[in-house]
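Numbering (the UniProt record's numbering), first residue to last: 1 to 134.
This report refers to the structure that appears directly beneath it.
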Amino acid sequence: MGGLLAFAGLMSPEPTTVSELPIPTIEEIIYSEEFLTTQGHQQQLDCLPKRITPSLLMRLLGEYDLSRVKAVQWGVNNEEEALKAFTKVDRETVQETGIWLDSMGILGASPDGIVDDETVLEAKLPLHRTQLNN
């Protein structure tokens, strides 16, 4: 069981319930006046296409369909079990979370859960990519 703790999928589905996040969404950050005026309105607008490509924006907004990726499928099917195993062994509560962004919205992370104020949980797939072909 100990090996299962760090092995859930690469990505997890976001909660289906609508709840207000403690941070702004990527859309709110990208289109905010503060984002556009950081280095001067026109200069920032001139740089925007170079910094946030349509492909990057699609990735950030989750518009690519990754449901057929075997590692993603494994995570969808096994992540909950991995988080339960972590909770049972470590006797810690894991809270669900969404994406966390830096103040400019360029860097972000989406851990599988939050344990406390200083600890996040990211479960990983226990197989090498070559083993997924079987």
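Heads up, the beta-carbon is just placed ideally off N, CA and C, and yes, glycines get one too.
(request) Classify Asp116 as helix, strand or coil using the three-state DSSP reduction. (result) Working through the sequence shown from its first residue, we reach residue 116 at position 116. Three-state DSSP puts Asp116 in a strand.
Do Gly108 and Ile99 have their C-beta atoms closer together than 7 angstroms? As a first step, residue 108 is located in the sequence shown; it is residue number 108 there, counting from the start. As a first step, residue 99 is located in the sequence shown; it is residue number 99 there, counting from the start. Going by C-beta atoms, Gly108 is nearer than 7 angstroms to Ile99.
- request: From the DSSP output, in three-state form, read off Ala109 for me.
  value: Start at 1 with the first residue of the sequence shown, and residue 109 comes out as number 109. Of the three classes helix, strand and coil, the one that applies to Ala109 here is strand, per DSSP.
- Task: Please report how far the alpha carbon of Glu80 lies from the alpha carbon of Tyr64, in whole angstroms.
- Result: One-based indexing of the sequence shown puts residue 80 at position 80. One-based indexing of the sequence shown puts residue 64 at position 64. Roughly 23 angstroms separates the two Cα atoms.
How big is the Cα-Cα spacing for Ser67 and Gln73? As a first step, residue 67 is located in the sequence shown; it is residue number 67 there, counting from the start. As a first step, residue 73 is located in the sequence shown; it is residue number 73 there, counting from the start. Each residue's Cα considered, the two are about 6 angstroms apart.
task = Using DSSP bridges, identify the partner residues of Leu101.
result = In the sequence shown, counting from the first residue as 1, residue 101 sits at position 101. The partner list for Leu101 (beta bridge, DSSP) reads Gly108.
Quick one, which of Leu121, Leu125 and Met104 has its alpha-carbon nearest Gly33's? The sequence position of residue 33 within the sequence shown is 33, counting from 1. Position check: residue 33 holds Glu in this sequence, whereas Gly was assumed. Taking only the C-alpha atoms, the option nearest Glu33 is Met104.
**Q.** Per DSSP, cross-strand counterpart(s) of Leu66
**A.** As a position in the sequence shown, residue 66 is number 66, starting the count at 1. Bridge partners of Leu66: none, in fact.
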